[in-house]
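Visitor:
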Amino acid sequence: MSHHPSPNRKTPDLVSVTTINRDGSRFFLHPADVRGPFTAARRWFALLLLAVYILLPWIPVNGHPAVFFNVAEGRYHVMGLTFITQDLWLLFFLISGLGFSLFFITSLFGRLWCGWACPYTVFLEHVFRRIERLTDGDAAARRALAAAPFTAGKAARRIVKHSLYLLCAAGIAHLFLAYFISLPTLYEYMHQGPLAHWKSFVLVFGLTGALYFSFAWFREQFCIILCPYGRIQSALTDDDTTIIGYDSGRGEPRGRKGTAGAGDCIDCRRCVQVCPTGIDIRNGLQLECIGCAACIDACDEIMVKVDRPRGLVRYDSLNGLEGRRRRILRPRIVLYSVLLAAGLAALTLSLGRLSPVHAVVNRMAGMPFYVHEGEVRNQYKLQLVNKRNTGVDFTVEFPNLPDGARYSISGDALRVPPQDEAEIPFTVTIGHRDFDGPFDLEVLVRAGDGGRQLYRSIRFLGPDPRFFQVDPEPDQEEEAP
Ligand code: SF4
Ligand code: SF4
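In short: position in the sequence shown from 1, add 4, done, that's this note's numbering.
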């Protein structure tokens, strides 16, 4: 993590990557501290997001953690709602809804997500960079420490810093696992040692390593080089999108305060020093800009000092910065709004129709049907899922069972405990005189008294009825041709 001397370093421009030196080596950025209303608001918002991430597995809602993706048992609990694997088609609405929301927000406000809410930015800026600030000091001190020879003091600082990094990375990774196995199970796993649950251990170990690598070393390069969202932003924004920009009409030509004919930019480079991706916002909208607003606070502070109006760098559209009229309602906004509204309506409707109970009828493995003593028998299994927090008594009926047919099931009232499921085998037998060939057997499952009715249907199979024109041998069970 060495700091390279300036001859190897280019001034941020539009054609080179700010984190790469002239010789191709990594330029390790040390963004300067910044104070101001946007920075403060961003910090509070990040604290809120971190609190949400940390607390969700601890807060019980309806007897389960507020968010608990119990993959092992196929139960997914989100804010008191329980979904089972069969409900996962709803993910389509969730994922497409998130996509359209992101399109919508980006076309209105640019990369608001990146600077304010992206977990990568939140962890990097508000956890790992805070640790670095604590152990190594401000940007100048960090730069000096990076360039200093490796002494015992430097080693001690590095050990403390990287231990704290590892601790945080491990904490984030363990919490991540808790979303899938719950905190009590996580605690149990941790006591049983890595070999008892090696898959979980490998996941947490790998995630800790990836987080440590990302936040200790790779840092802003993820946003600049890897993140696909940064790449597509130019397709989602236009000249009316709110971005963070520099008012070149007001700022140029740059010059010291008092210089005749100079604009408002005094070329102090504070906006560059605070930028976490090392760019110069005065070069215009760039792919590297994550919309963190640090340069707004930095420049406003300077503007106040030199007694000029704030907002030389500000939230505005490209049209606004150029002094042109700005349109909020554009075709793309209308289109994204319509798509978003349609998706939300579909999701609300689907959630409203989501059943707290679930029934599936399947054929038992083995023969499709049996013929025995002039009767045709089909064997099925009924899977009942109860997503409620109380037990449910299910009853089963067969509305279109032919006269003379009979069924056998392990009890008319089938009790399924709360948040549980049961698999019940049953058979349907029809005498050959009542059997006119294969048909769709209707199964009506009722959940509780006057509860939800679930209609299922499954094929009743048997031989060609002509088969019975020859009497079958008594006591001989055979599969039909
Ligand atoms: S240019 Fe400004 S808003 Fe963009 S990343 Fe740099 S400091 Fe943040
Ligand atoms: S902080 Fe403001 S005044 Fe200073 S260089 Fe940047 S734009 Fe110019």
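Each residue gets a CB set at the ideal place from its N, CA and C atoms; glycine is no exception.
1. Could you tell me whether the stretch 400-410 touches the stretch 422-432, using the rule of 3 or more Cβ pairs below 8 Å?
2. Could you round the C-beta distance between V75 and F180 to whole angstroms and report it? I think they count as a contact, below 8 Å.
3. By alpha-carbon positions, which one of R437, D438, L388, I434 ends up nearest to P422?
4. So which residues put a beta carbon under 6 Å from any heavy atom of ligand 1, going in chain order?
5. So S100 packs on G356, CB below 8 Å; how close in whole Å?
6. Which class does D142 belong to by DSSP, given the choice of helix, strand or coil?
7. Could you tell me if the beta carbon of D311 falls within a distance shorter than 7 Å of some heavy atom in ligand 2?
8. Do G255 and ligand 2 come close, with the Cβ less than 7 Å from some heavy atom?
9. Based on DSSP bridge pairs, tell me the residues matched to P69.
10. Just grab the DSSP bridge partners of R46 for me.
11. Leaving out five residues on either side along the sequence, give the residues of the same chain with a beta carbon under 6 Å from the beta carbon of Y250.
12. Label E483 either buried or exposed according to how many other C-beta atoms from any shown protein chain fall within 10 Å of its C-beta, with 16 as the threshold for buried.
13. What do you get for D444, buried or exposed, if any count of 16 or more other CB atoms within 10 angstroms of its CB means buried?
14. Helix, strand or coil for V38? Go by DSSP, reduced to three states.
15. Is Y250 close to ligand 3? I mean its beta-carbon at under 7 Å from any heavy atom of the ligand.
16. Can you give me the C-alpha to C-alpha distance between G452 and R133, rounded to a whole angstrom?
17. Quick one: residues in its chain with C-beta nearer than 8 Å to the C-beta of L18, no 5 flanking neighbours on either side, listed in chain order?
18. Which of the three DSSP states is assigned to G448 in this structure?
19. Please indicate yes or no: does the CB of C303 lie closer than 7 Å to some heavy atom of ligand 2?
20. Sorry if obvious, but does the Cβ on D271 come closer than 7 Å to a heavy atom of ligand 2?
21. What I want to know is whether the C-beta of R4 ends up closer than 7 Å to one or more non-hydrogen atoms of ligand 2.
22. Determine the extent of the alpha helix (DSSP H) in which I285 is found, giving its start and end residues.
23. Within a Cβ cutoff of 6 Å, which residues of the same chain sit near C272, ignoring the five residues on either side of it in sequence?
24. In the DSSP assignment, what residue or residues form a beta bridge with L418?
25. At a cut-off of 7 Å, is V317 close to ligand 2 when judged by its beta-carbon and the heavy atoms of the ligand?
26. Measuring straight from C-alpha to C-alpha, what distance separates T241 and A55?
27. For P41, which residues from the same chain have a beta carbon less than 8 Å from its beta carbon, with the 5 sequence-adjacent residues on both sides left out?
28. Could you pull out every residue in the same chain whose Cβ sits closer than 7 Å to the Cβ of V276, ignoring the five residues on either side in sequence?
29. Rounded to the nearest angstrom, what separates F217 and G262 at their Cα positions?
30. So which of R456, R254, L33 has the shortest CA-CA distance to R312?
31. Answer with buried or exposed for P69, where buried requires no fewer than 16 other C-beta atoms within 10 angstroms of its C-beta.
32. May I ask whether a heavy atom of ligand 2 can be found less than 7 Å away from the beta carbon of I135?
33. Between the Cα of C122 and those of T212, R47, Y191, G455, spot the shortest distance and give me the residue it belongs to.
34. Ligand 2 and I176: does any heavy atom of the ligand fall closer than 7 Å to the residue's C-beta?
35. Among residues of its own chain, excluding the 5 on either side of D320, which ones have a beta-carbon nearer than 6 Å to its beta-carbon?
36. With a threshold of 16 other CB atoms inside 10 Å of the CB of R470, please say whether the residue is buried or exposed.
Guide: Put simply:
1. Pairwise C-beta distances place the stretch 400-410 in contact with the stretch 422-432, as three or more of them are shorter than 8 Å.
2. For V75 against F180, the beta-carbon gap comes to about 13 Å, at or over 8 Å, which does not count as contact.
3. The option with the nearest alpha carbon to P422 is L388.
4. Close to ligand 1, as judged by a C-beta nearer than 6 Å to any of its heavy atoms, are the residues I248, V278, C279, P280, T281, I283, I285, C293, I294, G295, C296, A297, A298, C299, in chain order.
5. With a contact defined as Cβ atoms closer than 8 Å, S100 and G356 miss out at about 18 Å.
6. Coil at D142, not helix or strand.
7. Ligand 2 never approaches D311 closely enough for any of its heavy atoms to be under 7 Å from the residue's Cβ.
8. Yes, since a heavy atom of ligand 2 falls inside the 7 Å radius drawn around the Cβ of G255.
9. Note: P69 sits in a beta bridge opposite P64.
10. In DSSP, R46 forms no bridge with anything.
11. Counting only Cβ-Cβ distances below 6 Å, and skipping sequence neighbours, we find I285, R286, V317.
12. With a pLDDT of 49 at E483, under the threshold of 50, the predicted position of this residue should be treated as unreliable, though the coordinate-derived value follows. So E483 ends up on the exposed side.
13. Classification for D444: exposed.
14. Here V38 sits in coil by DSSP.
15. Of the ligands this structure carries, namely ligand 1 and ligand 2, none is ligand 3.
16. In this structure, the straight-line span from the alpha carbon of G452 to that of R133 is close to 56 Å.
17. Here L18 has N287, G288, Q290 as same chain residues with Cβ atoms under 8 Å from its own Cβ, once five neighbours each way along the sequence are excluded.
18. The residue you asked about is not Gly; residue 448 is Leu in the sequence shown. Strand at L448.
19. Yes, Cβ of C303 sits closer than 7 Å to a heavy atom of ligand 2.
20. Distances taken from the Cβ of D271 to the heavy atoms of ligand 2 include one shorter than 7 Å.
21. This structure leaves residue 4 out entirely; the chain is present only between 5 and 485.
22. Per DSSP, I285 belongs to no alpha helix (DSSP H) and is neither H nor E.
23. Around C272: I306.
24. L418 pairs with F398.
25. V317: yes, Cβ under 7 Å from ligand 2.
26. So the alpha carbons of these two residues sit roughly 31 Å apart.
27. Once the five neighbours on either side are set aside, the close Cβ partners of P41 are D301.
28. Within its own chain, the residues whose Cβ lies closer than 7 Å to the Cβ of V276, once the five positions on either side in sequence are excluded, are P16, D284, listed in chain order.
29. Separation of F217 and G262 (C-alpha to C-alpha, rounded to the nearest whole angstrom) is 47 Å.
30. Minimum Cα-Cα distance from R312 among the listed residues R456, R254, L33 corresponds to R254.
31. P69 should be labelled buried.
32. No, since every heavy atom of ligand 2 falls outside the 7 Å radius drawn around the Cβ of I135.
33. Closest option to C122, Cα to Cα, is R47.
34. Checking every heavy atom of ligand 2 against the Cβ of I176, none is found closer than 7 Å.
35. Taken in chain order, the residues that qualify are G249.
36. Under this definition R470 is an exposed residue.
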